[in-house]
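K.L.:
First residue of the sequence shown: 29, per the numbering used here; consecutive thereafter.
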Amino acid sequence: MATSASERRIDEGVMVDDGMRYLITGGAGFIGSHLADSLIGQGGEVVILDDLSTGRRENLDHLLDCERAEFIEGSVLDDQLVDELMRRTDMCFHLASAVGVKLIVERPLESLLRNVRGIDIVTDAAARHGNRLLFTSTSEIYGKNSTGALREGSDRLLGPASTSRWSYATAKTLGEMLVFGYFRERNAEMIVARLFNTVGPRQRGFYGMVLPRFVEQALRGEELTVYGDGTQSRCFAHVSDTVDALIRLGDSDLALGGVYNIGRDTEITILELAELVIERVGSDSTIRFVPYVEAYENGFEELGRRQPDTSAIQALTGWRAQHTIAEAIDDVIAYQHEEVARSQLAV
Ligand code: UDP
Numbered sequence: 029m030a031t032s033a034s035e036r037r038i039d040e041g042v043m044v045d046d047g048m049r050y051l052i053t054g055g056a057g058f059i060g061s062h063l064a065d066s067l068i069g070q071g072g073e074v075v076i077l078d079d080l081s082t083g084r085r086e087n088l089d090h091l092l093d094c095e096r097a098e099f100i101e102g103s104v105l106d107d108q109l110v111d112e113l114m115r116r117t118d119m120c121f122h123l124a125s126a127v128g129v130k131l132i133v134e135r136p137l138e139s140l141l142r143n144v145r146g147i148d149i150v151t152d153a154a155a156r157h158g159n160r161l162l163f164t165s166t167s168e169i170y171g172k173n174s175t176g177a178l179r180e181g182s183d184r185l186l187g188p189a190s191t192s193r194w195s196y197a198t199a200k201t202l203g204e205m206l207v208f209g210y211f212r213e214r215n216a217e218m219i220v221a222r223l224f225n226t227v228g229p230r231q232r233g234f235y236g237m238v239l240p241r242f243v244e245q246a247l248r249g250e251e252l253t254v255y256g257d258g259t260q261s262r263c264f265a266h267v268s269d270t271v272d273a274l275i276r277l278g279d280s281d282l283a284l285g286g287v288y289n290i291g292r293d294t295e296i297t298i299l300e301l302a303e304l305v306i307e308r309v310g311s312d313s314t315i316r317f318v319p320y321v322e323a324y325e326n327g328f329e330e331l332g333r334r335q336p337d338t339s340a341i342q343a344l345t346g347w348r349a350q351h352t353i354a355e356a357i358d359d360v361i362a363y364q365h366e367e368v369a370r371s372q373l374a375v
């Protein structure tokens, strides 16, 4: 049987048409910058829009001389700019978002407004220009549903609106609903990807993410701060797997109008993660248990488990996470070593 062009490209590990122009909002961030690398590596051109609020210019330093990459410092709230960039590109990956539980809990209003207004402007502009749009949503929208591997159609179980944590899930839910609305009522080419915990080089602990924090603590010989009793679990996907999944979904006509979990399905408790980080760093660090009220704010609600069912994306694109958590930890350790070396050179 003859294979289609898209099947051939997937066999060769290439899912990007030569010369295709992509707009990546939030492209100076942790995931966005890896996505830019991968799209360029596969022959695409990228325009990166980022206001550098949580993204970093350093994440794009290596692309400075690349003809197929363009960086624009600006905001997704600037509707004229977004309109202009949509006009110049073929497809948009909308990643720009306030990220990290710590930031959301500390500045809920700002993160809510930025997420909601941003998705409104971006979906509207993409639909107007007939550009395909992939919106990155989050596993956070399942809330406290801990019933096992979460499917895209699983119920969402959010706590009270007065608890800051849930503003993020609410904003992303609204974004998903906008995407579905544009797809159904305006025939716009839109897709939702729900990202579970993604880890890897360039992720920063500053906004609360657990793995870069643990690695930093272990490298310094400090105590690793495990919140609660450490029995809560997560599934961590390496960023290169996440990016591969995003590109496959963006390339798939059959994904349009759909929502897909992206994540690795192997669970690990946070205490086990801390122990594994100490082992891989070869550190003498010990573990300190920090009560949630101390770590976040009063009334903070922790999640017991969060595991994705990824059968939908697997069936559609053949995607599967390839990297283990140990490989991700090693890559984060190597990256943090490089960061230290870079900062010493800069002094
Ligand atoms: N966590 C921790 N110590 C830290 C930072 C986070 O024990 O220094 C825990 C946090 O309470 C949660 C898990 O690690 O149970 C994952 O946290 P993260 O913020 O990375 O992701 P999310 O909570 O959004 O899954």
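C-beta: ideal position from N, C-alpha, C; glycine also.
Could you please give me the residues that DSSP links to Ile315 through a beta bridge?
P.N.:
In the DSSP output, where bridge partners are listed per residue, Ile315 has Leu252.
K.L.:
Taking all protein chains shown into account, do 16 or more other C-beta atoms lie within 10 angstroms of the C-beta of Gly203, making it buried, or fewer, making it exposed?
P.N.:
Per the 10 Å Cβ criterion, buried.
K.L.:
Closest by CA to Ser66, which one among Val271, Ser103 and Ala154?
P.N.:
Of the listed residues, the one whose Cα sits closest to Ser66 is Val271.
K.L.:
Determine the direct distance from the alpha carbon of Asp107 to that of Gly291, and round the result to whole angstroms.
P.N.:
Rounded to whole angstroms, Gly291 to Asp107 spans 32 Å at the Cα level.
K.L.:
Do you know how far the Cα of Ile149 is from the Cα of Val110?
P.N.:
In a straight line, the C-alpha of Val110 is about 8 Å away from that of Ile149.
K.L.:
Using the three-state DSSP reduction, which class does Phe99 fall into: helix, strand or coil?
P.N.:
Looking at Phe99 - three-state DSSP - the assignment turns out to be strand.
K.L.:
Can you tell me whether Gln342 is helix, strand or coil according to DSSP?
P.N.:
Correct three-state label for Gln342: helix.
K.L.:
Considering only the alpha carbon of each residue, which of Ala343, Thr314, Val267 and Ala369 lies closest to Thr352?
P.N.:
When only C-alpha atoms are compared, the closest one is Val267.
K.L.:
Output the distance between the C-alpha atoms of Gly55 and Ala343, rounded to the nearest integer angstrom.
P.N.:
The alpha-carbon atoms of Gly55 and Ala343 are separated by roughly 28 Å.
K.L.:
Closer than 8 Å by C-beta to Gly249: which residues in its own chain qualify, once you throw out the five before and the five after it? Chain order, please.
P.N.:
The answer, listed in chain order, is Ser311, Asp312 and Ser313.
K.L.:
Could you pull out every residue in the same chain whose Cβ sits closer than 6 Å to the Cβ of Arg142, ignoring the five residues on either side in sequence?
P.N.:
Once the five neighbours on either side are set aside, the close Cβ partners of Arg142 are Ala126.
K.L.:
Compute the Euclidean distance between the alpha carbons of Gln245 and Ser192, then round it to the nearest angstrom.
P.N.:
About 27 Å.
K.L.:
Verify whether the separation of the beta carbon atoms of Gln260 and Ile298 is less than 8 Å.
P.N.:
Closer than 8 Å, so yes.
K.L.:
Whose C-beta lies closer than 7 Å to the C-beta of Ser280 among residues of the same chain, with five residues either side of it excluded?
P.N.:
The residues are Leu344 and Thr345.
K.L.:
From the DSSP output, which residues share a beta bridge with Arg49?
P.N.:
Paired residues: Glu73.
K.L.:
Does Ile357 come out as helix, strand or coil in the three-state DSSP assignment?
P.N.:
Ile357 falls in the helix class under three-state DSSP.
K.L.:
Considering only the alpha carbon of each residue, which of Val44, Gly57, His62 and Ile52 lies closest to Asp269?
P.N.:
Among Val44, Gly57, His62 and Ile52, the Cα nearest to that of Asp269 is on His62.
K.L.:
Decide if Phe234 is buried, meaning its Cβ has at least 16 other Cβ atoms within 10 Å, or exposed.
P.N.:
Flag for Phe234 reads exposed.
K.L.:
Examine the Cβ distances between the region 218-228 and the region 42-50 and report whether three or more of them are shorter than 8 Å.
P.N.:
They do not touch, by the three-pair rule.
K.L.:
At 4 residues or longer, what runs of the alpha helix (DSSP H) sit wholly inside the region 206-237?
P.N.:
List check, alpha helix (DSSP H) in window: nothing returned.
K.L.:
Who are the Cβ neighbours of His157 in its own chain at under 7 Å, not counting the five residues just before and after it?
P.N.:
Excluding residues within five positions, the ones whose Cβ falls inside 7 Å are Met114 and Arg115.
K.L.:
Rounded to whole angstroms, what is the Cα-Cα separation between Ile341 and Ala154?
P.N.:
Cα to Cα, Ile341 sits roughly 23 Å from Ala154.
K.L.:
Distance check for Arg160 and Met119, CA to CA, integer angstroms please.
P.N.:
Straight-line Cα distance between these residues: approximately 5 Å.
K.L.:
Using 7 Å as the cut-off, classify the Cβ of Thr198 as near or not near the heavy atoms of the ligand UDP, replying yes or no.
P.N.:
Result no, Cβ not under 7 Å from the ligand UDP.
K.L.:
Let me check understanding here. Comparing Cα to Cα, which of Asn289, Asn215 and Ile132 lies closest to Ala237?
P.N.:
Note that residue 237 is Met in the sequence shown here, rather than Ala. The shortest Cα separation from Met237 among Asn289, Asn215 and Ile132 belongs to Ile132.
K.L.:
State the Cα-Cα distance for the pair Ile76 and Val104, rounded to the nearest angstrom.
P.N.:
Cα to Cα, the separation comes out at about 11 Å.
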